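To keep things clear, I will list the structure first and then write my remarks on it.
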Amino acid sequence: MLAWVLLPLLAFTGSASASLVSCLQSHNLNVEIPQNTTWNVSTTPFNLRFHYTPAAIVYPTQTTHVTLAVRCATQHGVHVSALSGGHSYSASGYGSRNGALVIMFRDMARITYNSNDETVVIQPGARLGAVALSLNDQGRALAHGTCPYVGVGGHGGFGGWGMAARNWGLLIDQIVSAEMVLSNGTVVHLSATQHPDLFWAIRGASASFGIVTQYVFQTHQAPSSVVRFSYQFNNTNLSTSQFTSLIEGYQTWASSTPKEVGIIANVLNGGKLVEMGGLYMGDLKSFYQVVEGPLIGRTGAAHIVYVEEVSWITALEQVWGSSLDTQQKPDTHDTFYAKSLVVPASSPLTPSALSAFATHAFFAPIPSSLSWFVQFELWGGGNSAISSLPADATAYPHRSHLWTIQFYARSTTTSWPKTGEGYVNGMVSAITNDAGMAGTVFGAYANYLDPELSGWQEMYYAGNYARLEQMRMGVDPKGVFEKTENVGGPDILI
Ligand SMILES: Cc1cc2nc3c(=O)[nH]c(=O)nc-3n(C[C@H](O)[C@H](O)[C@H](O)COP(=O)(O)OP(=O)(O)OC[C@H]3O[C@@H](n4cnc5c(N)ncnc54)[C@H](O)[C@@H]3O)c2cc1C
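Per numbering that gives the first Met the number 0: the sequence shown = residues 0 to 493.
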């Protein structure tokens with residue numbers, strides 16, 4: 000890490016707050032401050048393990064408001080952070096520190112489809128549920144994640160994986176262009192031909208470079224129907240050897256399954272249940288031949304099976320397990336600790352690594368207030384679109400990888416049991432330290448942001464980090480957007 004990054008580039012003081020607020024108000028911006036009755040709600044993050052107190056929150060309705068807010072902040076030595084859907088795993092939308100100016104995109108959530116070129120213009124505050132519903136009304140679709148409340152601003156900044164991603168790519172792979180406000184308050188338009196370097200950087204590391212005020216995505220025709228499927232393997236408490244051979248079979252099948260399949264294997268209930276589910280973008284007849292036959296041939300028969308041909312939007316609703324309409328009920332919160340492991344296709348999980356994982360996950364002591372799930376998300380394999388690009392095509396680098404494994408433990412109360420971290424870390428190290436995986440270069444996924452991750456620069460960005468760090472020095476030399484695990488930033492802010 001370069002020494003200049005560690006200097007106090009912007010010195011926030013209490014008195015800056017009052018003058019910052021009067022600067023924002025002098026431009027007639029919609030500003031929220033700690034004295035407002037709504038403040039507590041506005042500053043409560045999705046993950047209750049984290050809490051930061053901003054200097055103020057601005058609610059822009061147009062790009063000019065963002066430029067004015069950024070200029071006020073830089074004049075007053077205050078860091079700036081965008082918050083779109085607020086679903087960061089570590090409340091990073093609040094800037095990973097107290098005293099940042101938060102630009103909250105609640106009122107910039109428009110979704111405008113253009114039938115001439117089949118693109119859609121989406122403002123960062125739009126939630127994935129609204130995007131899916133709005134595009135479906137036009138017979139169109141995008142590949143993106145599975146939670147309706149997640150915002151496009153963060154999701155489209157670091158990857159954006161969901162059930163259609165093996166077929167259509169990550170959300171970042173569908174970006175045609177973007178509009179961004181830089182640290183000096185200027186507005187730039189980014190595409191393959193306009194500021195191509197910055198266009199490359201925002202597809203995987205956007206929060207380090209500026210504030211995206213709109214994206215243009217290339218849409219796809221929504222399938223007239225898809226096959227929704229779910230298999231449960233739960234007749235007994237799975238032993239470690241049953242678990243190992245089940246996931247081994249899944250992995251062998253996964254490495255050559257066609258890109259039309261989106262699937263997760265979810266390990267639940269303390270390891271007593273493995274559920275494999277997803278969707279297939281084809282018809283029922285080919286599903287049985289191409290997906291179910293080969294999968295069950297490898298895993299052995301499932302004990303509960305659900306297979307049905309449904310509309311595209313019904314499939315998304317079923318995968319997400321709730322209505323896509325986020326207006327129907329308010330967002331929830333969680334208290335959790337999560338890690339991710341990106342596994343190269345060239346180093347598939349060995350039986351000994353799977354067995355070591357299961358031994359720890361199923362039998363190690365666990366705090367009584369903790370429940371967990373682990374997802375084996377299939378990103379690569381076969382002719383996956385994610386893997387069709389080279390590692391340096393976008394800032395997001397993990398292209399020749401089979402799995403992203405997500406390890407997620409939540410507290411059943413609002414407080415976090417400290418020993419929970421050790422339990423989750425043990426699941427990860429059971430895999431990474433296994434002798435059979437020696438020499439494997441694992442990665443991690445920046446959208447499953449993990450502030451405790453050591454070596455995050457390489458884990459998130461691999462060989463692309465040096466170029467990103469060089470670029471960030473030029474684009475944001477004063478570190479206006481500096482925060483935990485942003486490019487060029489510190490590991491953890493004190
Ligand atoms: C319940 C849940 C389910 C999820 N499911 C999936 C999934 O299926 N697939 C998947 O890939 N991920 C998934 N995620 C992870 C999710 O993609 C990330 O947490 C994502 O960053 C959230 O985006 P956001 O806008 O909601 O969050 P925010 O907290 O608003 O932002 C997250 C980060 O992005 C930055 N950012 C936000 N807006 C902008 C902007 N306009 N310009 C620049 N930077 C910006 C913020 O400053 C912050 O650093 C899930 C997360 C949760 C909590």
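Glycine included, each C-beta is placed from N, C-alpha and C at the ideal position. Just so it is clear, the structure is predicted and the values come from calculations on it, not from any experiment.
Proximal residues to Ala191 (C-beta, below 6 Å), its chain only, five neighbours per side dropped: On the sequence shown, residue 191 is found 192 positions in, with the first residue counted as 1. So no residue of the chain qualifies.
Separation of Ala221 from Trp199, as counted between CA atoms: Here residue 199 refers to the residue found at position 200 of the sequence shown. Here residue 221 refers to the residue found at position 222 of the sequence shown. Distance between the alpha carbons of Trp199 and Ala221: 27 Å.
State the CB to CB distance for the pair Gly488 and Lys482, rounded to an integer number of angstroms; the pair is presumed to be in contact (CB under 8 Å). The sequence position of residue 488 within the sequence shown is 489, counting from 1. The sequence position of residue 482 within the sequence shown is 483, counting from 1. Correct: roughly 6 Å between the Cβ atoms.
Which two residues bound the contiguous beta strand (DSSP E) that contains Gln374? Position 375 of the sequence shown holds residue 374. Its beta strand (DSSP E) spans residues 369-377.
Please classify Gly65: does DSSP put it in a helix, a strand, or coil? Your numbering for residue 65 matches position 66 in the sequence shown. The sequence shown places Val at residue 65, rather than the Gly named in the question. Of the three classes helix, strand and coil, the one that applies to Val65 here is helix, per DSSP.
Out of Asn27, Ala445, Asp330, which one is the CA nearest neighbour of Gly155? Translated into the one-based positions of the sequence shown, residue 155 becomes position 156. Closest by alpha carbon: Ala445.
Is there at least one non-hydrogen atom of ligand 2 closer than 7 Å to the beta-carbon of Thr145? Ligands in the displayed structure: ligand 1; ligand 2 is not one of them.
Considering just the uninterrupted stretch of the alpha helix (DSSP H) at Gln469, what are its terminal residues? On the sequence shown, residue 469 is found 470 positions in, with the first residue counted as 1. Secondary structure note for Gln469: its alpha helix (DSSP H) is the uninterrupted segment 464-474.
Between Leu82 and Phe104, which are expected to be in contact by the criterion C-beta below 8 Å, what is the C-beta distance as a whole number of angstroms? Taking the sequence shown and counting its residues from 1, one reaches residue 82 at position 83. Taking the sequence shown and counting its residues from 1, one reaches residue 104 at position 105. The Cβ separation is near 7 Å, so the contact holds.
Label Val290 either buried or exposed according to how many other C-beta atoms from any shown protein chain fall within 10 Å of its C-beta, with 16 as the threshold for buried. To locate residue 290, count along the sequence shown from 1; it is residue 291. By the C-beta density criterion, Val290 is buried, having at least 16 other C-beta atoms within 10 angstroms.
May I ask you to check if the CB of Trp160 is nearer than 7 Å to at least one heavy atom of ligand 1? Start at 1 with the first residue of the sequence shown, and residue 160 comes out as number 161. At least one heavy atom of ligand 1 is nearer than 7 Å to the Cβ of Trp160, so yes.
Quick one: Cα of Val186 to Cα of Val69, how far? Position 187 of the sequence shown, counted from the first residue, corresponds to residue 186. Position 70 of the sequence shown, counted from the first residue, corresponds to residue 69. Whole-angstrom Cα-Cα distance: 11 Å.
Could you please give the first and the last residue of the uninterrupted alpha helix (DSSP H) stretch that includes His154? Counted from its first residue, the sequence shown places residue 154 at position 155. 151-157 is the span of the alpha helix (DSSP H), which, as asked, contains His154.
If you pair each beta-carbon of the stretch 361-374 with each one of the stretch 264-281, do three or more pairs fall below 8 Å? Touching, yes.
Buried or exposed, going by whether 16 or more other CB atoms sit within 10 Å of the CB of Lys258? Locating residue 258 in the sequence shown gives position 259, counting from the first residue. Answer is buried; the Cβ neighbour count reaches 16.
How is the alpha helix (DSSP H) around Glu247 delimited, first residue to last? Indexing the sequence shown from 1 puts residue 247 at position 248. Start and end: 239-253.
Can you tell me the Cα-Cα spacing of His64 and Gln74, whole angstroms? As a working mapping, residue 64 is identified with position 65 in the sequence shown. As a working mapping, residue 74 is identified with position 75 in the sequence shown. Each residue's Cα considered, the two are about 15 Å apart.
Taking all protein chains shown into account, decide if His332 is buried (16 or more other Cβ within 10 angstroms of its Cβ) or exposed. Within the sequence shown, numbered from 1, the residue matching residue 332 stands at position 333. Burial call: exposed.
Can you check DSSP and say which residues form a bridge with Gly276? Reading the sequence shown from its first residue, position 277 is the one you call residue 276. Beta-bridge analysis with DSSP links Gly276 to Ser229, Ile263.
Going straight from the alpha carbon of Ala142 to that of Ala384, what length do you get? Your numbering for residue 142 matches position 143 in the sequence shown. Your numbering for residue 384 matches position 385 in the sequence shown. When rounded, the distance between both Cα atoms is 11 Å.
Taking Leu127 as part of the alpha helix (DSSP H), name the residues at either end of that continuous run. Your numbering for residue 127 matches position 128 in the sequence shown. Here the alpha helix (DSSP H) through Leu127 covers 127-136.
Which residues in the same chain as Leu6 place their Cβ atom closer than 8 Å to its Cβ, once the five residues preceding and following it in sequence are excluded? For the purposes of this step, residue 6 is taken as residue 7 along the sequence shown, with counting starting at 1. Because Leu6 sits at a pLDDT of 37, beneath the cut-off of 50, its placement in the model cannot be relied upon, and the following sentence gives the value as read from the coordinates. So the list is empty, once near-sequence residues are dropped.
Helix or strand or just coil, what does DSSP make of Asn113? Position 114 of the sequence shown, counted from the start, is the residue given in the question as residue 113. In this structure, Asn113 counts as strand in the three-state DSSP scheme.
Return the bridge partner residues of Ser339 from the DSSP annotation. Working through the sequence shown from its first residue, we reach residue 339 at position 340. Bridge partners of Ser339: Gln405.
Based on DSSP bridge pairs, tell me the residues matched to Ser410. Start at 1 with the first residue of the sequence shown, and residue 410 comes out as number 411. In DSSP, Ser410 forms a bridge with Leu369.
Less than 7 Å separating the Cβ of Pro123 from some heavy atom of ligand 1? Looking up residue 123 in the sequence shown gives position 124. Result yes, Cβ under 7 Å from ligand 1.
Return the CA-CA distance between Gln173 and Thr256, expressed in angstroms with no decimal places. In the sequence shown, the residue the question calls residue 173 occupies position 174. In the sequence shown, the residue the question calls residue 256 occupies position 257. Rounded to the nearest angstrom, the two C-alpha atoms are 22 Å apart.
Using the rule of at least 16 other Cβ atoms within 10 Å of the residue's Cβ for burial, across every protein chain shown, is Val427 buried or exposed? Residue numbering aside, residue 427 sits at position 428 when the sequence shown is read from its first letter. Under this definition Val427 is a buried residue.
Alpha carbon to alpha carbon, how far is Pro366 from Thr111? Against the sequence shown, residue 366 aligns to sequence position 367. Against the sequence shown, residue 111 aligns to sequence position 112. Approximately 47 Å between the Cα atoms of the pair.
With distances taken Cα to Cα, identify the nearest neighbour of Tyr336 among Phe286, Ser354, Tyr407. Taking the sequence shown and counting its residues from 1, one reaches residue 336 at position 337. Looking at the Cα atoms, Tyr407 is the closest of the given residues.
Whose C-alpha, out of His302, Gly292, Ser18, is nearest the C-alpha of Val233? Residue 233 sits at position 234 when you count from the first residue of the sequence shown. A small fix is needed here, since residue 233 is Asn in this sequence, not Val. Considering only alpha carbons, the answer is His302.
Does the separation of the CB atoms of Ala140 and Leu134 fall below 8 Å? Working through the sequence shown from its first residue, we reach residue 140 at position 141. Working through the sequence shown from its first residue, we reach residue 134 at position 135. Taking 8 Å as the Cβ cut-off, Ala140 and Leu134 qualify as a contacting pair.
As a quick exercise: from Ser321, Asp391, Gln213, Val342, pick the residue whose alpha carbon is nearest that of Ala443. Position 444 of the sequence shown, counted from the start, is the residue given in the question as residue 443. Here the closest residue by C-alpha is Val342.
Cα-Cα separation, Asn29 to Val215: To locate residue 29, count along the sequence shown from 1; it is residue 30. To locate residue 215, count along the sequence shown from 1; it is residue 216. Using only the alpha carbons, I get a separation of about 26 Å.
Determine whether the beta carbon atoms of Val151 and Thr62 lie at a separation below 8 Å. In the sequence shown, the residue the question calls residue 151 occupies position 152. In the sequence shown, the residue the question calls residue 62 occupies position 63. The answer is no: Cβ separation not under 8 Å.
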